[in-house]
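Just so you know, the protein sequences line up as chains A and P, in that order.
Residue 130 in my numbering sits at position 19 of the first sequence, with consecutive numbering throughout.
Residue 238 in my numbering sits at position 127 of the second sequence, with consecutive numbering throughout.
Scroll down for the structure; my scribbles are underneath it.
Protein chains: 2
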Amino acid sequence: MAAHTPHPTGTPEDLGRTPGLRERKKQQTRDALVQAAHVLFLGQGFSRTTVDEIASAVDVSQRTFFRYFANKDEVALAVMAEAEDYFIECLRHRPAEETPLQALRASIVKAWRDLGNARESGPGSITSALELMRMIEDAPTLLAAHLRRVTEQERIVVRVLAEREGLDPREDLRPAVLAAVFGSVLRAAHLSWTADREPEGPEGMITLIERHFDQLGPALTGHWRT
Amino acid sequence: MAAHTPHPTGTPEDLGRTPGLRERKKQQTRDALVQAAHVLFLGQGFSRTTVDEIASAVDVSQRTFFRYFANKDEVALAVMAEAEDYFIECLRHRPAEETPLQALRASIVKAWRDLGNARESGPGSITSALELMRMIEDAPTLLAAHLRRVTEQERIVVRVLAEREGLDPREDLRPAVLAAVFGSVLRAAHLSWTADREPEGPEGMITLIERHFDQLGPALTGHWRT
DNA sequence: GCAGATTATGTCAGTCGCTGACATTCGGCA
DNA sequence: TGCCGAATGTCAGCGACTGACATAATCTGC
Numbered sequence: 112m113a114a115h116t117p118h119p120t121g122t123p124e125d126l127g128r129t130p131g132l133r134e135r136k137k138q139q140t141r142d143a144l145v146q147a148a149h150v151l152f153l154g155q156g157f158s159r160t161t162v163d164e165i166a167s168a169v170d171v172s173q174r175t176f177f178r179y180f181a182n183k184d185e186v187a188l189a190v191m192a193e194a195e196d197y198f199i200e201c202l203r204h205r206p207a208e209e210t211p212l213q214a215l216r217a218s219i220v221k222a223w224r225d226l227g228n229a230r231e232s233g234p235g236s237i238t239s240a241l242e243l244m245r246m247i248e249d250a251p252t253l254l255a256a257h258l259r260r261v262t263e264q265e266r267i268v269v270r271v272l273a274e275r276e277g278l279d280p281r282e283d284l285r286p287a288v289l290a291a292v293f294g295s296v297l298r299a300a301h302l303s304w305t306a307d308r309e310p311e312g313p314e315g316m317i318t319l320i321e322r323h324f325d326q327l328g329p330a331l332t333g334h335w336r337t
Numbered sequence: 112m113a114a115h116t117p118h119p120t121g122t123p124e125d126l127g128r129t130p131g132l133r134e135r136k137k138q139q140t141r142d143a144l145v146q147a148a149h150v151l152f153l154g155q156g157f158s159r160t161t162v163d164e165i166a167s168a169v170d171v172s173q174r175t176f177f178r179y180f181a182n183k184d185e186v187a188l189a190v191m192a193e194a195e196d197y198f199i200e201c202l203r204h205r206p207a208e209e210t211p212l213q214a215l216r217a218s219i220v221k222a223w224r225d226l227g228n229a230r231e232s233g234p235g236s237i238t239s240a241l242e243l244m245r246m247i248e249d250a251p252t253l254l255a256a257h258l259r260r261v262t263e264q265e266r267i268v269v270r271v272l273a274e275r276e277g278l279d280p281r282e283d284l285r286p287a288v289l290a291a292v293f294g295s296v297l298r299a300a301h302l303s304w305t306a307d308r309e310p311e312g313p314e315g316m317i318t319l320i321e322r323h324f325d326q327l328g329p330a331l332t333g334h335w336r337t
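If you want it as structure tokens, here you go:
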């Protein structure tokens, strides 16, 4: 809103900083679409909200909506997508001394915590993402789309892990296996979250994730009956 | 076609064995739909096949198709659904001495092997299921639907494991975690299968699954660089 | 066998998600 | 100011899916 840059085409360091009016307006309508969709979804449910409603709430045509988002699912998952990207960023900057599993666990906890401390409310807030997760579970197509996104993220995790440890993911199966296991533990934690319906915020989610990670060893080894 | 039962309402043991003409015809058209869909999908791709085509190939109305299958994805995944059910059956009959992880691994191997040895070809054959898996990967909505099915299966696995070991899955997280890990290892193996494009049949898939399971321990523990 | 209750199926109209094609408007830039 | 390209609107259309109602087929008791 408050533009602090007087000259549109200014000093060299302005390159990429002030993206120009056109770019700003695009980002603006994109954010507006996400926000409007979010409000409508939480208000009246995902399936009972039509794309036309979202579009006309922002006063753009339906066609324009589909130029920003490939489908209705995408606008719903846009908020979570940011969080996922941030997690990847965290993973890339973990110290090399950590084991791969430690690095993954530390990254996801850091990602949740940072995002939780950052914006408290608004369209991109973490509480919004948590509300979204509840919604996902009872919208079949949305859940499906979300799972697909998760698997795409897993592929990235495989690549990052392989780079980090300096090995070829096609020869060594460990990156793929660990990425898959990591993703599945997270999903189990998420399911637990939506099922138990604990009202705590991001910190509640973090402890849930930690609890599930702690069960990884016990779940895999030996008999369970004492 | 050749009716060997002279009396429609026959002996007591006929109850549930001969489901009546109506029920038989239903099963018949259902099978025909699955088969026709399968042929069309593999021939011209999933997205380029319309429901109308499938329906008219079996000479029923589109509306009837949707009374058998909730959506286009479902008819594509119908074949794999049988295999999944059989796996659950295998898991239920594993000896109690095995650890949960051993039981899961043995069940999936047995399921693939039995189904591989059973019907060599036909609409419900295992080779069909393998062909399907290739198709799933490049049909976004289909992949999404498949992933959703997988998570539903995981919930069942959680229940079976909890019963088997006699504990409450809401208190003890191990069933949920192990089920999730198991599912993720399988998905990694499946991805590997579709990526490497090894032409071997069910046995190839089995060895792939075993190889991935063998990497579970190594992937989770310690550093990877020697 | 035969009415009458059930149940599967067909037909039709309609909604919604999504896409291609073309015209129009608006920001970027000389 | 005037041109270029990008963003948007409009329109027509396809395909997945659904509700409502009519029709035809099975099943049931007699």
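Don't be surprised by glycine CBs; every beta carbon is placed ideally from N, CA and C.
The model shown is predicted, which means the values in this text are computed figures rather than measured ones.
About 18 Å separates the Cβ atoms of V261(A) and A330(P), ruling out a contact at the 8 Å cut-off. In this structure, V269(A) places its C-beta atom within 8 Å of the C-beta atom of A290(A). In the DSSP assignment, N182(P) falls outside any alpha helix (DSSP H), carrying neither H nor E.
A straight-line Cα-Cα distance of about 9 Å links W335(A) and G277(P). In terms of Cβ geometry, A222(P) and F198(P) form a close pair [threshold 8 Å]. As the crow flies, the alpha-carbon of E282(A) is around 51 Å from that of A168(A). Counting along the chain, no alpha helix (DSSP H) covers S158(A), and no H or E run does either. H323(A) places its beta carbon 8 Å or farther from that of A306(A). In the assembly as shown, P313(P) is a buried residue. Its beta-carbon has 16 or more other beta-carbons within 10 Å. The distance from the Cβ of V186(A) to that of F177(A) is about 10 Å, inconsistent with a contact at the 8 Å cut-off. Across the set D163(P), I165(P) and V171(P), the C-alpha of V171(P) shows the shortest separation from the C-alpha of K137(P). In this structure, the straight-line span from the alpha carbon of E265(P) to that of A194(P) is close to 14 Å. DSSP, read as helix, strand or coil, puts L188(A) in helix. Neighbourhood of S303(P) in chain A, by CB distance below 8 Å: L284 and A287, in chain order. CA-to-CA, the gap between L241(A) and L302(P) works out to about 29 Å.
Near chain P, meaning a CB-to-CB distance below 7 Å, the residues of the segment 313-331 of chain A are R322, H323, Q326, L327, P329, A330 and L331. It is roughly 14 Å from the alpha-carbon of R285(A) to the alpha-carbon of T337(P). Taking every protein chain shown into account, the CB of L132(P) has fewer than 16 other CB atoms within 10 angstroms, so this residue is exposed. Collapsing the DSSP output to three states places P130(A) in coil. Between L188(A) and A148(A), the alpha-carbon positions lie close to 10 Å from each other. In the three-state scheme derived from DSSP, where H, G and I count as helix and E and B as strand, D283(P) is classed as coil. Residue range P211 to N228 is occupied by the alpha helix (DSSP H) that includes V220(A). The three-state reading of DSSP puts E248(P) in helix, counting H, G and I together. Sixteen is the threshold: when 16 or more other Cβ atoms of the shown chains lie within 10 Å of the Cβ of R259(P), as they do, the residue is buried. Neighbours of T210(A) in chain P, taken as residues at a C-beta separation under 7 Å, are given in chain order as G333 and H334. Among the residues of chain P, none has a CB under 7 Å from the CB of G154(A); the nearest is roughly 25 Å distant.
In chain order, H323, F324 and L327 place their CB closer than 7 Å to the CB of V296(P), counting only its own chain and leaving out the 5 sequence neighbours on each side.
Here L226(P) has A194 and I237 as same chain residues with Cβ atoms under 6 Å from its own Cβ, once five neighbours each way along the sequence are excluded.
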